[in-house]
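Line order of the protein sequences matches chains A and B.
Under my numbering, the residues of the first sequence are numbered 242 to 571, in order.
Under my numbering, the residues of the second sequence are numbered 60 to 312, in order.
Built from N, CA and C at the ideal position, the CB exists for glycine as well.
These notes are about the structure you will find just below.
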Amino acid sequence: MNIITTNNLTKKYTDLIAVDNVSFSVLKGEIFGFLGPNGAGKTTTIKMLTTLLNPSKGSAKILDFDIIKDRDNVRKNIGVVFQEPALDTELTGGENLDYHARMYAIGRDKRKERINAVLKLVDLEDKRDIIVKNYSGGMKRRLEIARGLMHYPNVLFLDEPTLGLDAQTRRAIWKYVKKMNKEEGTTIFLTTHYMDEADYLCDRVGIIDRGKILIIDTIENLKNSIGNDVITLTCSNINTLEKRLVNEKWIHNIKIHDSKLTLGVEKGDEKIPLIIEISQSEKIKIKSISVRKPTLDDVFLHFTGKTIRDHDNKNNVESQPRFRMRGGRK
Amino acid sequence: MKATEIQAIYVMWLRQMKRFIRSKSRLVSSIVQPLFFLFILGSGFRVAIFEGVGDYLSFLAPGIIAMAILFSSMFTGISVLWDKQFGFLQEVLVAPISRISIIIGRTLGGATVALIQGVIILLIALIMGVHISGTVGLIFTLFFMILIAFTAVGFGLVIASKMEDFQGFQLIMSLVIMPLLFLSSAFFPVTSNPTMKAIALFNPLFYMVDGLRGSLIVGVETVNSPLFNLVIVVIICIFMMSLGSYLFSKTET
Ligand SMILES: Nc1ncnc2c1ncn2[C@@H]1O[C@H](COP(=O)(O)OP(=O)(O)O)[C@@H](O)[C@H]1O
Ligand SMILES: [Mg+2]
Numbered sequence: 242m243n244i245i246t247t248n249n250l251t252k253k254y255t256d257l258i259a260v261d262n263v264s265f266s267v268l269k270g271e272i273f274g275f276l277g278p279n280g281a282g283k284t285t286t287i288k289m290l291t292t293l294l295n296p297s298k299g300s301a302k303i304l305d306f307d308i309i310k311d312r313d314n315v316r317k318n319i320g321v322v323f324q325e326p327a328l329d330t331e332l333t334g335g336e337n338l339d340y341h342a343r344m345y346a347i348g349r350d351k352r353k354e355r356i357n358a359v360l361k362l363v364d365l366e367d368k369r370d371i372i373v374k375n376y377s378g379g380m381k382r383r384l385e386i387a388r389g390l391m392h393y394p395n396v397l398f399l400d401e402p403t404l405g406l407d408a409q410t411r412r413a414i415w416k417y418v419k420k421m422n423k424e425e426g427t428t429i430f431l432t433t434h435y436m437d438e439a440d441y442l443c444d445r446v447g448i449i450d451r452g453k454i455l456i457i458d459t460i461e462n463l464k465n466s467i468g469n470d471v472i473t474l475t476c477s478n479i480n481t482l483e484k485r486l487v488n489e490k491w492i493h494n495i496k497i498h499d500s501k502l503t504l505g506v507e508k509g510d511e512k513i514p515l516i517i518e519i520s521q522s523e524k525i526k527i528k529s530i531s532v533r534k535p536t537l538d539d540v541f542l543h544f545t546g547k548t549i550r551d552h553d554n555k556n557n558v559e560s561q562p563r564f565r566m567r568g569g570r571k
Numbered sequence: 060m061k062a063t064e065i066q067a068i069y070v071m072w073l074r075q076m077k078r079f080i081r082s083k084s085r086l087v088s089s090i091v092q093p094l095f096f097l098f099i100l101g102s103g104f105r106v107a108i109f110e111g112v113g114d115y116l117s118f119l120a121p122g123i124i125a126m127a128i129l130f131s132s133m134f135t136g137i138s139v140l141w142d143k144q145f146g147f148l149q150e151v152l153v154a155p156i157s158r159i160s161i162i163i164g165r166t167l168g169g170a171t172v173a174l175i176q177g178v179i180i181l182l183i184a185l186i187m188g189v190h191i192s193g194t195v196g197l198i199f200t201l202f203f204m205i206l207i208a209f210t211a212v213g214f215g216l217v218i219a220s221k222m223e224d225f226q227g228f229q230l231i232m233s234l235v236i237m238p239l240l241f242l243s244s245a246f247f248p249v250t251s252n253p254t255m256k257a258i259a260l261f262n263p264l265f266y267m268v269d270g271l272r273g274s275l276i277v278g279v280e281t282v283n284s285p286l287f288n289l290v291i292v293v294i295i296c297i298f299m300m301s302l303g304s305y306l307f308s309k310t311e312t
């Protein structure tokens, strides 16, 4: 069963198309991820799906409810954790949850019970009466996740759930996300620009770049699609070697990046002697060569032509980072 | 109205109250500042005799009360901008509640806070010896206080919807609100000077202050009757609230 279905969803701003004819569906019970660099259109997609922005074109449904015509029902069925924190920092954690529950029409007894349950899920039971401005960044994030779950949403949206958090806190958040997916059966739509996060959490991933979805598949299929093994080598005359190899049938894909040649192949260790033979015949000297299993980084490089670090560097040069009130979550 | 909407209004109201009570600095400054005005202006101008003004403190007190309510309520409206910048607005906007409930709750919360402040100043003025009128006058006073509060929240919402940051707010305070306040007869009468009187007729704050004064104080001379002022203020209030709500309901984040 589909929990989210989109059909050519598009958002145009005056000077750019932030989301460009995006179509996908998310199945009940899965953790689905949008993986893409800064500015890819992830947040814009979430804002449209959560009724905060009107699409310029196309449509989308949450369950059977249209995101434009049936906003109220959409809102009842979703929970959202925004990229930017959205807590009232002058209130306690418990009050934030209580006010949320009231807005979602949860009765008094149920409210108390549920607040305890979600706080327990994210290990914040003892922080309930503390004013949120005294929380650490990681605690705030956990509280937001707990709040997103308060009203038993069918689907929970997580926009870059671990952005700016330290490694330990990130792993803790991952654990909670897995746990709620399993224990409460919540379908999860998350966005991230961290490969390891998508790799660890997601059942299926859509790679998005410049507003377009390049591919959607399970992590395993994505990795296999570029070959069972990845060979990376450095050599003299890298362009000549690429030209020589590009038409070999046994090479699934080939790319030069960072003055390294990367090949997707089957049975990588058997191909190494072959490559060496070919390069010797071309009088090319191989400096280093290695074989490994493909990672999501390789997949990303293959489909977007760049690593995510390149993207981020480029974005930082091109555009000033937008003003953030609360940088430096810890 | 559905029960969920009433809950939503209640939550928005409660939130304003909690924030007010917890914000000690706001609590203190919102009462101390008007008191300064009351004492300093009150004792400074007491010796000066304004034409047609009996006891100056009695003349001034309603002006200060109006000012306190005005500032406090405007702040509530404008604080939507905080919610926008601190992200909390998104949490409210994705909830299955109508925008109008959000506005009603916030307005009621802001008005309650402002009324508490207004009443505190009123009590202090009473202690200082201001002569206030009977029950009917007090009921009118309450109406004016509520209307001033609602109008100012509405105006705050308009500013918050049209502005991205707080610098514009400073500008509007010093270029619009302060001049209007000075020309509203809050601190001194405008009737002695025909030009000032003519300007006052186009000043919304004038009707609020004049109306509040006429209802609250016995034996003071006002330009219009309280009832006439009330009608004008109701119209201004409806206009401002509608405009504020309309602009807020268009908010995208
Ligand atoms: N309100 C807006 N007006 C104009 N452009 C916007 C606006 N919001 C986002 N954008 C642009 O749309 C693109 C996608 O942004 P976003 O969805 O936030 O990306 P992501 O969340 O993947 O980092 C970016 O280029 C961004 O600058
Ligand atoms: Mg984003």
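Asked, Found
"Distance, Trp491(A) Cα to Val153(B) Cα", "51 Å"
"Where Gln521(A) falls, given that 16 or more other Cβ within 10 Å makes a residue buried", "exposed"
"CB contact flag (Ala281(A), Leu250(A), <8 Å)", "no"
"Any non-hydrogen atom of ligand 1 within 7 Å of Asn295(A) CB", "no"
"CB contact below 8 Å: Gly146(B) versus chain A", "yes"
"Separation of Glu331(A) from Lys374(A), as counted between CA atoms", "6 Å"
"Closest residue to Pro514(A) among Gly379(A), Ser500(A), Leu502(A) and Ser531(A) (Cα-Cα distance)", "Ser531(A)"
"From Leu239(B), Arg85(B), Ile231(B) and Val282(B), residue whose alpha carbon lies closest to that of Thr250(B)", "Val282(B)"
"Residues of its chain near Lys577(A), where Cβ-Cβ distance is below 6 Å and the 5 sequence neighbours each way are ignored", "Coverage of chain A is limited to positions 242 through 571, which leaves residue 577(A) absent and any answer about it impossible."
"Per DSSP, cross-strand counterpart(s) of Cys650(A)", "No information on residue 650(A) is available, as it lies outside the stretch 242 to 571 that chain A covers here."
"Simplified DSSP state of Val532(A), which is helix, strand or coil", "strand"
"Cβ-based burial, Gly8(B) [other Cβ within 10 Å; buried from 16]", "The question about residue 8(B) has no answer, for chain B in this structure spans 60 to 312."
"Nearest-angstrom Cβ-Cβ length linking Ile448(A) and Thr545(A), presumed shorter than 8 Å", "7 Å"
"Reduced DSSP category for Ser138(B) - H, G, I as helix; E, B as strand; rest coil", "coil"
"Touching by the beta-carbon criterion (3+ pairs, under 8 Å), the segment 293–305 of chain B and the segment 214–224 of chain B", "yes"
"Proximal chain B residues relative to Asp329(A), where beta-carbon distance stays under 7 Å", "Arg74 and Phe147"
"Length of the line joining the Cα atoms of Ala173(B) and Pro121(B)", "14 Å"
"Continuous alpha helix (DSSP H) stretch holding Asn314(A): start and end", "Arg312 to Asn318"
"Proximal residues, the segment 320–348 of chain A versus chain B, C-beta separation under 8 Å", "Val321, Phe323, Glu325, Pro326, Ala327, Leu328, Asp329, Thr330, Glu331, Leu332, Glu336, Tyr340, His341, Arg343, Met344, Tyr345 and Ala346"
"Rounded C-alpha distance that separates Ser243(B) from Arg355(A)", "53 Å"
"Simplified DSSP assignment, three categories, for Phe147(B)", "helix"
"Chain-ordered residues, beta carbon under 5 Å from a heavy atom of ligand 4", "With respect to small molecules bound, the structure shown includes ligand 1 and ligand 2 and not ligand 4."
"Residue from Val396(A), Leu338(A) and Ile303(A) whose Cα sits closest to the Cα of Thr428(A)", "Val396(A)"
"CB contact check: Lys143(B) to chain A, cutoff 8 Å", "no"
"As assigned by DSSP and simplified to three states, the class of Thr284(A)", "helix"
"Closer than 8 Å to chain B by CB, Asp256(A)", "no"
"Range of the contiguous alpha helix (DSSP H) that encloses Leu260(B)", "Taken as a continuous stretch (DSSP letters only), Leu260(B) belongs to no alpha helix (DSSP H), as it is neither H nor E."
"Same chain only: Cβ atoms within 6 Å of Glu366(A), ignoring 5 sequence neighbours per side", "Leu360"
"Neighbour flag for Arg352(A) against chain C, beta carbons, 8 Å", "Among the protein chains of the structure shown, namely A and B, there is no chain C."
"Counted within 10 angstroms of its Cβ, other Cβ atoms place Arg316(A) as buried (16 or more) or exposed", "buried"
"Cβ-based neighbour list, Gln75(B), same chain, cut-off 7 Å, excluding 5 preceding and 5 following", "Thr135, Arg165, Gly168, Gly169 and Val172"
"Boundaries (first-last residue) of the beta strand (DSSP E) holding Phe203(B)", "First-last for Phe203(B): Thr194 to Lys221, but that is the alpha helix (DSSP H), not the beta strand (DSSP E)."
"Cβ contact check for the segment 411–428 of chain A and the segment 275–289 of chain A: 3 or more pairs under 8 Å", "no"
"Boundaries of the alpha helix (DSSP H) in which Asn288(B) is found, first to last residue", "Pro285 to Ser308"
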